[in-house]
Structures are given as C-alpha cells and as structure tokens.
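K.L.:
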Amino acid sequence: MDNAKSNDVAIKQMMSTFNARNMLVANGQYFHLRCVAHIINLVVDDGLKQIGMAVVRVREAVKWIKGSSARSKSFKDIAKVCKVDTKKFLCQDVPTRWNSTYLMLEAALPYEPAMKLFNSVTPQFELTQYFAEKQYKMNASDLGHFDILMWWKKNSVRFPILSEMAKDILAIPISSVASESAFSMGGRVLSTFRNSLAPEMVEALICSEDWLRSSSSSIDLMEEEGEPIPFLRKQYYDTMEALHKDGKVTWPLDDADTNTELERTYSSDPDQS
C-alpha cells in the first residue's frame, strides 16, 4: 500500500484490532508493506522538479506537434532534412507516470535539431496563421446552417487563444437593453413603487391597457360618441368589484352616492346602449 493518509489510518485500525487478539507477528513491525513502485515514482517526480521547466517545454512541444496531422507531417519532413537517425516518433507522456515521461524525453532527444528548425519556419503568432488560412466563399443557402461558435469550438486546438477571444466577443448580446423590458409590459407595471400589487390587479391593469392600445380596425372598442363600449365598462366594473370584495383593492363602493351612480352606469344592458 502507498503512503496515502487514508491507508495509514486503515492500517493503524487493523493493527489495533489484531493486536487486541494477539494475532500480530513481530508486534506488527512488517504489517504495513509499502508500495515500492509508488515510492520510486515519488522519488523520480521530486528529481524532475529540478528540471521541471525543461520537461514542461518538451511536453508542450510534443503535444502541439502531434495535435495536428499537418504539423506532424511537416515535422517529419523537417526531420528528414535534418537527417534524424531514428525510427521512433515523438510520444506524449502521462505526468503521473514517470516512466512515460522518461520515454517521451528519450524519444524527443534525437529530434532536437528538427525542433529548432521547425520552430524557426513555423509562424509564431496565431493571428498570422489565422489570416494565412485559405478563404472560401459561402453560398447564400449555407449562411442559415453555419454556426460560428461551433466553428471556433472545432478549431480551438489550432487557435486556442483566438478561440477564447471569439467566445468572449460572440457572447456579447446584440442589444445592451434587456429583452424582457422590450417585449414585456409587466416590467413597466410592477415598478419599484408598485411591487406589492396582487396578481389579479396586475392582470387587470395589463389587460385594460392592452385593450385600450388595440387597433380600432381589428376590434371596434369605441362608440360613435367616442366612449368605450358598455360591455368593456361592465367587465371592468365587475372585475374591480370582485377584487374589492376579496380585500385586494380599494374600490369606492362604500359611498352610497358613488355606488348608485356606478350601478346605474355599468349595470345597463350593453345591447341597449
């Protein structure tokens, strides 16, 4: 077992249990056998820290070369020009396995001249490489199916920095105004000073304003005298009376004169107006 703290606690618990039953040999001196492979891996990792930056640079170079088939082909051509005498190509390591790091360094060492030449002839800036890409004209029918965010996602390996910039820029909304306030009337009705209205009252206000703003060509809301049709007047009166009975709004029905006037105005038959 390795030197993890959880393993140490488990071993101590087991030793305590076995010791109570007199089942330990040599008082448990050889009970906890360490993992030799793990110890060697820790020793090598500690030694690699002294040359950590060199290993990281080789790892990133191998990762970048093997990240594209075109770059791998170009690197092999340059290796032939440099007359690299090896049949073993670059291999990517696993940082948690020291033997894979050793194999990566062993394979990369003969390619040192090729890496220097490849670095000198390869464009150093993503922007230069991006503008050097071939340009293709798109048909009008292709515009509806082209997803610019998906394109940058697929090419994030080739342009890692530019792809991050593209995601930040393309994520900016078209308008700085919130879309909710542009298309919803509720945000204008429920202001900071009117945020305690009951849902029924909000519905009545929004519907009333919507009716009044409706086009007279589609729905004839006005009579010849210029007054709203009696049906809407009566509907509005009934709604407010119901809300008043529930105690959700204050409606001047307690005043006898006002009550009589409202009943005479709104309770008339709409067809007789």
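For the sequence shown, the positions run 1 to 273 when UniProt numbering is used. The beta-carbon is built from N, C-alpha and C at its ideal position, and this holds for glycine as well. Predicted model only: the values in this text are computed from it and were never measured.
Please list, in chain order, all residues of the same chain as residue 207 whose beta carbon is under 7 Å from its beta carbon, the five residues on each side excluded.
P.N.:
Taken in chain order, the list of residues that qualify is empty.
K.L.:
What number of angstroms, rounded off, separates the C-alpha of residue 73 from the C-alpha of residue 59?
P.N.:
About 19 Å.
K.L.:
Considering only residues of the region 64-133, which uninterrupted alpha helix (DSSP H) runs meet the minimum length of 4 residues and lie entirely inside it, listed in chain order?
P.N.:
If we require 4 residues or more, the alpha helix (DSSP H) runs fully inside the region 64-133 come out as 69-81, 98-108, 112-121 and 126-131.
K.L.:
Pick helix, strand or coil for residue 9, following the three-state DSSP scheme.
P.N.:
Of the three classes helix, strand and coil, the one that applies to residue 9 here is helix, per DSSP.
K.L.:
Output the boundary residues of the alpha helix (DSSP H) element that contains residue 274.
P.N.:
Not covered by the structure: residue 274. The range shown for the chain is 1 to 273.
K.L.:
Looking at the secondary structure, which residues open and close the alpha helix (DSSP H) in which residue 154 lies?
P.N.:
Segment 148-154, the alpha helix (DSSP H) holding residue 154.
K.L.:
Mark residue 90 as exposed unless 16 or more other C-beta atoms lie within 10 angstroms of its C-beta, in which case mark it buried.
P.N.:
Burial call: buried.
K.L.:
Residue 86: beta carbon under 8 Å from a heavy atom of the ligand SAM?
P.N.:
Questions concerning the ligand SAM fall outside what the structure shown contains, since it holds no ligand whatsoever.
K.L.:
For residue 10, which residues of its own chain have a beta-carbon under 6 Å away from its beta-carbon, when the five flanking residues on both sides are left out?
P.N.:
Result list for residue 10: empty, nothing under 6 Å.
K.L.:
Quick check: the region 77-95 against the region 131-149, are at least 3 beta-carbon pairs closer than 8 Å?
P.N.:
The region 131-149, when compared against the region 77-95, does not touch it at the 8 Å Cβ threshold.
K.L.:
From the DSSP output, in three-state form, read off residue 51 for me.
P.N.:
Here residue 51 sits in helix by DSSP.
K.L.:
When we look at the beta-carbon of residue 171 and count the other beta-carbons within 10 Å, is it buried (16 or more) or exposed?
P.N.:
The residue is exposed, with fewer than 16 neighbouring Cβ atoms inside 10 Å.
K.L.:
Taking the Cβ atom as the reference point for each residue, do residue 246 and residue 203 lie within a distance shorter than 9 Å?
P.N.:
Their beta carbons are not under 9 Å apart, which means residue 246 does not touch residue 203 by this criterion.
K.L.:
Would you kindly report the start and end of the unbroken alpha helix (DSSP H) that includes residue 204?
P.N.:
Segment 199-213, the alpha helix (DSSP H) holding residue 204.
K.L.:
DSSP state of residue 157, grouped into three classes?
P.N.:
Residue 157: coil per DSSP, three-state reduction.
K.L.:
Drop a sphere of 10 angstroms on the beta-carbon of residue 75, count the other beta-carbons inside from all chains shown, and report buried for 16 or more, exposed for fewer.
P.N.:
Classification for residue 75: buried.
K.L.:
Would you call the CB atoms of residue 55 and residue 109 closer than 9 Å?
P.N.:
Result no, Cβ atoms of residue 55 and residue 109 do not sit closer than 9 Å.
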